[in-house]
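Working notes for the structure below.
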Amino acid sequence: MNRVRILGPALAAVLCLPCARAADTPAARKAFIAVPGPDAEYLLLRDRYVLDRDGGAVHERELRLKINSFTAMHRFYGESRVELDPAAATIETLYNRTVLPNGQVVVAPENAVIDDLPPAAHRNPLWSQLRRRVFVHTALEPGAVIELGWRVTRKAGAFPWLEVNEAMAAEIPIAERVVRVELPAGAQLRGGVANPPDGAGAAWTKPARPDVLDGAAWVWRRTDAAAVPEEPGAPARATCVPVLRLSTCAGFAALAEEFARRVAAAGSVPPDALAAVKDAAAKETDWERRVLAALDVLPKELTVSAVGPALQSWQPRPLAGVWQAGVATPLELAVFQAAALDAAGIAARPGLAGARGHAVPECPAFAGFEGPLLRVKDPAGAWRLYDARDAARGAPLEIALDAPVLHGALGAGDAAPAVPAWRRKAVFAGEIVPDGAVRGSLSFSAAGGAVPHGTLVREPQRLADDLAAQLLPGGKAKGVRVTALERSACSLACTLEGALPAADALGLLQLDVSTLAGGVDAALPVLAPLSRACPVALPGPGVEELDITLALPKNMKVVALPASLCVRNSLGEVTVAVDARADGSLRIVRRIVLESKEAPASAFEEVRGLVNAWRDPSARSLLLRRE
Amino acid sequence: MRKPDCVGCAVAVAFAPLLAVVAAGAQEWDVPAEALAQKLAAVSAGAYPGADMVMVFDRRAVAVEESGLARMVGHTLAKALTPAGARALAVGEYSYDPLSADIAVLRCRVFSAGGAARDVDPARAVDLPDPQSMIYWNSRHKLLAIGKIAPGDAVEVVTRRVGFTYALLAGEEGSDESRFVPPMRGHFYDIVPFWSSCPVIEQSYRVSIAPEKQLQYQIYNGSAEVSDRIENDRRVVTVTMRDTKPLAAEPGMVAWSDVAPKLLLTTARDWRAKSLWFHAVQEEARCFEVTPELEKVADEVTAGLTRDEDKVAALNHWAAENIRYIGLHMGEGEGYTLHQASMTLRDRGGVCKDKAGILVALLRAAGLESYPAMTMAGERIERLAADQFNHCVTVWRKPDKTTVLLDPTWIPGVREMWSSREQQQEVLMGLPEGADLLTTPLSPPENHPLRTTIDSTLHSDGTIEGRMQVASDGQADSSLRRAYRGKMRNEWPAVDRQWVAALDPRAEVADVERTDPDDLDRPFCIALSFRIPGYARRLDDGALALVPLGPRHPAGAAVHADELHFSTEPSARRFTAAIGCTRLVVLAEHMALPAGFAVEGLPAAVKLEGNGALDAKWSVEGDALVIEETLAMRSRRVEPAQWSELRAALEAFRKLAATPILVRPARAGKGGA
């Protein structure tokens, strides 16, 4: 039950009696009088976009934000920030004031508007012209309303079209949300609302079209938009709130062409950079290792700055300048890596991953594509995806990435592909000898987005040692053999040596049989036992299984097996099966099946059922005792 | 002239300087490239295992003028040893505050591993605003794109800086550089760290000053070569250290400045002189002038209160809770002068000095005597009166002339008047008659109790259920409130559940009763009912194995309390450790056992005394397991000699938190407790 009773002074005094202060302790009084209701609420949040005939554009924002709580006033809403590139745009402050609960209007002083450097651009000489305008909201008190208006004017030619990417809900309620777009005659507007709310109505598909002179205008208006809280374990924010995504770009072909043009404008790879990449690649004979060796070079040579693609308007600096400066943005690194690999004879292109669930197929826009990555063609002619900063990390992105990818070479922005189910399994068969040492054989196999491809190419021993150490304290893997390795499937075998843990105060030896190193355990959400408003992100679809067979010595007795359990629902299944055999051996199989990557908020209890079963302490260990 | 004190482990050594530097501002830094290349050739990566770069030299030469204005030439030569070191040296960044200082790059040269030198045009340095957060004082830096270099390459940089660092008060109008004259006109001070994250082959600091300036200096936490002589009617002091290696950090240690080598210099006579100056400059700036608006606030906040103590408490907490921590630059006067209280009230915002200043004004408006004070949060202030302050607080002087420290910056969500996270900390009060440096007293653990009482029942199927009450005060109280006040209110119900669910995901929580986290009038407490199915594990013989809930310290686990998480490594410390606050943790559990069951494996009682004290006893009384544990952490700063006591208490406390017991049906008969 969720009822919370706020204690009055009398009961609080009883509860707190052990630590109540002396009677002459000064009374503090309630120093902060919060306003009931949400922490804060937008009374108005209005954006206006105007595209000019010459390609210039204006974005105006006006907001009225009521502050109710201590946290809202002191932590979350005291400042507003806008980042921009002064080479491409200018910013004006329209107004920055606060309306007090008594109606008095307090205009923020001039020094409450500050232009500083975006933190992402710090120590990046190639992007040091970027600026951030900070609006400090003064005179805040519970019940006060912040009123802010600003205008960003983008110069003609700074961007080839107009893009709009606006959330239509927030973590706090919005009484009135308005987005207005004005276009010159002849301009086409594409896109729509991703994740429209239930019962959205016609306004979402047919926005108002007020008359404007010599052009067209669209207005999306939403009233009383409920808060969409930012809950732990939720999917990407863009999938939880309705997002208005619009563009005047002619289509995906034009978008991809523009991306390709920008990549090409970065120029060719400087000779000494190319030589370094070629040298590294030449040291390897195997194609897989050669690619990874080549991709290691630039991240060691260049500091990677945090300027994201949107802040740099998806426009990389020339590679020669990047190399000279020794600093690259993630986009520049991806472009550089692709160009260097390509020049070294391995076909490669840069790409941009979008946020999961963010794509609106009818909206050809850069906005939302914020994840630079690398596309590499393998000897079989298939395109792979790599992380440009750490190519050997994790699973093959072309299989595991649950997001649309924008790239130039193929002339299209791919919609988010259906991610195939992954599979991960470890089988250990061993014996415990009387002195507590454990020996046996371990086999590991994986498929789909669970394949640790880069690690197996380079460091199979490390992967095997990690698996061994998770299974047994001090466990070591020996005779490690990679028995199969493809992008979509792999297997490994080894022998394993370790020991049981030391006995606890009761003489019990507790062997953790819960999970695989690198397995699903860490990816499962941590969920407070409450209902929720947002969906829950799950690391599915996939299956993980840990199968352990142990032969026990005669001097050792089982005092508690892991609890057998089986929880099955529409989201998946968790089973723990334990078989104590007549010959004294044990078989423990822990298995989790996740049917999807996301569970709706309404299925929260089912998520908890699965997660809590997997984490049930009584089903995660084996208790032994020496006799 | 005062000779170096050379106390502690500082050793002054007469030193004939090898440097060609005679006086700052001359061209001593103009060293031929060949000479530097030769020096670099002798520096090999093998001599510095694990280091990404080595500082071949770091030389600073300072000339102090009559006004106190200081001009410094900095000359560094750093060699990259690894790709990471090379990446770090590709960009040069030189910070300054435009109202108190300026900096220029005079030279930059890159030396290849082979010894060839190339110039980087200093004119390429661009002047940029800093990225800022919460304090928007328009700080800036010069950024020089040195360009990509390779391991083995080295970068030489010469900079010239004019001005001062800490005292951010604008000077009188006049010459272009008048704003760089320190606010305590004619005086000079500096704080020079002699520690680094990379090896340093030679670091020197040289100051040239008029002998009548009465410069005092001292080296702390290390030894150095020192030259102190008269040259051309100027007193020239040079301090040099050689071959210093980065110090190995210890978890939870005090700030580096407390333990690593540093040089302090000052012309201020003593702290009392600084106190007098600080008092005077605020009063002259009329920072605490009581306006009608301030008077109105003071009247409203103290309405109905008769005792001075109550008025002070109300005003202190009002300033803490209603003045947002935000730094806006007021132009002239920023720094040591506090914003005028009326300005802080208008903006409802300010940094520590402004919050302290409005509290001074409000107290005065209420007819109470009050002044500001300076302190250094997180670091020790030495006896030498070089300005070592990063924080400002308020003093209330009672009619009996005793003083009480108040800190409206550190007490949002705290029931205290002065945060006990600032105990054992130096403070300089700005009193009219001046004051010496004081150290805030220890706040006993009893001021910061966290008491968890659990009345539970263990069922024969392993389910445990019961009611848990958590009561607190002082800093323990604030740590619980912070769990709520750091989050949006719609997240508070989840926080309510986390007090148990953080330990076991199966926990079901109901009937939550708690105080309002915003209400500082009474200590924070919470009570809740819980049920955890299968909490105890059934063994083959029917016994139940469990770690009792109480000793696992559910509330402490939920707030990552020091008693559970402060590192107990290393076993012996070189440096002082600093915990968040003194603390008294009381855990009491009364667990009714299933009928006919007995307990096995009770741990022995523990009684440890010292800086950390633990008194723990688990026993069976009738049909119940009774657990009582009291842990006291007695000081915020834990000296190396005290560490073994605290460590032993923490380790014993944590061992109990993981100690299982068996609850066995009596007929299985393996002996009772």
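Protein chains in written order, with numbering that gives the first Met the number 0: chain A, 0 to 626; chain B, 0 to 672.
Don't be surprised by glycine CBs; every beta carbon is placed ideally from N, CA and C.
Model, not experiment: these values are computed from the prediction.
- Closest in C-alpha terms to Ile-660 (chain B), from the list B:Trp-642, B:Leu-630, B:Trp-617, B:Pro-407, comes B:Trp-617.
- If you draw a 10 Å sphere on the C-beta of Asp-517 (chain B), you find 16 or more other C-beta atoms in it, and that means buried.
- For His-589 (chain B), the pairing in a beta bridge is given by DSSP as B:Asp-454, B:Val-625.
- According to DSSP, residue pairing for Arg-58 (chain B) in a beta bridge involves B:His-74, B:Ser-203.
- Ile-113 (chain A) belongs to the set of residues whose beta carbon lies under 8 Å from a beta carbon in chain B.
- The beta carbon of Glu-59 (chain A) lies closer than 6 Å to those of Arg-47, Arg-150 in the same chain, with the five residues before and after it left out.
- Minimum Cα-Cα distance from Gly-214 (chain A) among the listed residues A:Asn-554, A:Ala-186, A:Asp-389 corresponds to A:Ala-186.
- Remark: C-beta atoms of Ala-169 (chain A) and Leu-42 (chain A) do not approach each other more closely than 8 Å.
- Chain-order list of chain A residues neighbouring Thr-658 (chain B): Ala-504, by C-beta distance under 7 Å.
- By the neighbour-count criterion, in which 16 or more other beta carbons inside 10 Å mark a residue as buried, Asp-129 (chain B) falls on the buried side.
- Among the CB atoms of chain B, none fall inside 8 Å of the CB of Ser-584 (chain A).
- Spanning the alpha carbons of Ala-32 (chain B) and Gln-336 (chain A) requires a straight line of approximately 36 Å.
- Given a length threshold of 3 residues, each whole run of the beta strand (DSSP E) inside the stretch 121-183 of chain A is given here in chain order: 130-135, 144-153, 162-166, 173-183.
- Bounds of the alpha helix (DSSP H) holding Ile-357 (chain B) are 351-364.
- In the structure shown, the three-state DSSP call for Ser-440 (chain A) is strand.
- In this structure, the CA atom of Pro-407 (chain B) is about 36 Å from the CA atom of Ser-528 (chain B).
- CA-to-CA, the gap between Leu-549 (chain A) and Ser-584 (chain A) works out to about 5 Å.
- Close CB contacts of Ser-274 (chain B) within its chain, under the 8 Å cut and outside five residues either way in sequence, are with Leu-427, Met-428, Gly-429, Leu-430, Gly-433, Ala-434, Asp-435 (chain order).
- Here Thr-454 (chain A) carries a helix assignment [DSSP, helix/strand/coil].
- Against chain B, a Cβ distance below 7 Å from Arg-614 (chain A) picks out Pro-504.
- In the DSSP annotation of this structure, Leu-661 (chain B) is not part of any alpha helix (DSSP H); the continuous beta strand (DSSP E) holding it starts and ends at 660-664.
- Think of a sphere of 7 Å around the beta carbon of Pro-118 (chain A): the chain B residues whose beta carbon falls inside it are Pro-130, in chain order.
- Around the C-beta of Thr-222 (chain A), fewer than 16 other C-beta atoms lie within 10 Å, and the residue is accordingly described as exposed.
- Chain-order list of chain A residues neighbouring Arg-536 (chain B): Ala-559, Ser-617, by C-beta distance under 7 Å.
- Listed in chain order, the non-local C-beta contacts of Asn-446 (chain B) below 6 Å within the same chain comprise Gly-473, local neighbours out to five positions each way being set aside.
- Within the model, the alpha-carbon separation for Val-225 (chain B) versus Leu-263 (chain B) is close to 13 Å.
- If you compare the alpha carbons of B:Ala-576, B:Ala-83, B:Ile-453 with that of Trp-255 (chain B), the shortest gap goes to B:Ala-576.
- Taken in chain order, the whole beta strand (DSSP E) runs of length 3 or more contained in the stretch 312-396 of chain A are 347-353, 368-376, 382-385.
- Taking C-beta separations shorter than 7 Å and ignoring five residues to either side along the sequence, the partners of Ala-657 (chain B) in its chain run Val-546, following chain order.
- Only those residues of the stretch 57-74 of chain A whose C-beta falls short of 9 Å from the nearest C-beta of chain B are listed: Asn-67, Ser-68, Phe-69, Thr-70, Ala-71, Met-72, His-73, Arg-74.
- Chain order gives the chain A residues near Gly-485 (chain B) as Thr-70, Arg-74, where near means a beta carbon separation below 8 Å.
- Annotation: the continuous alpha helix (DSSP H) that includes Gln-641 (chain B) extends over 639-655.
- Interface flag for Lys-147 (chain B) against chain A is set, since a Cβ pair is found closer than 8 Å.
- Residue-level contact check: Gly-380 (chain A) does not touch chain B, since none of the beta carbons of chain B fall below 8 Å from its beta carbon.
- Cβ-Cβ distances below 8 Å link Gly-473 (chain A) to Gly-497, Ala-498 in the same chain, with the five nearest sequence neighbours on each side left out; the list follows chain order.
- The contact set of Val-135 (chain A) on chain B, defined by CB atoms closer than 7 Å, consists of Tyr-135, Ile-325, Leu-327 in chain order.
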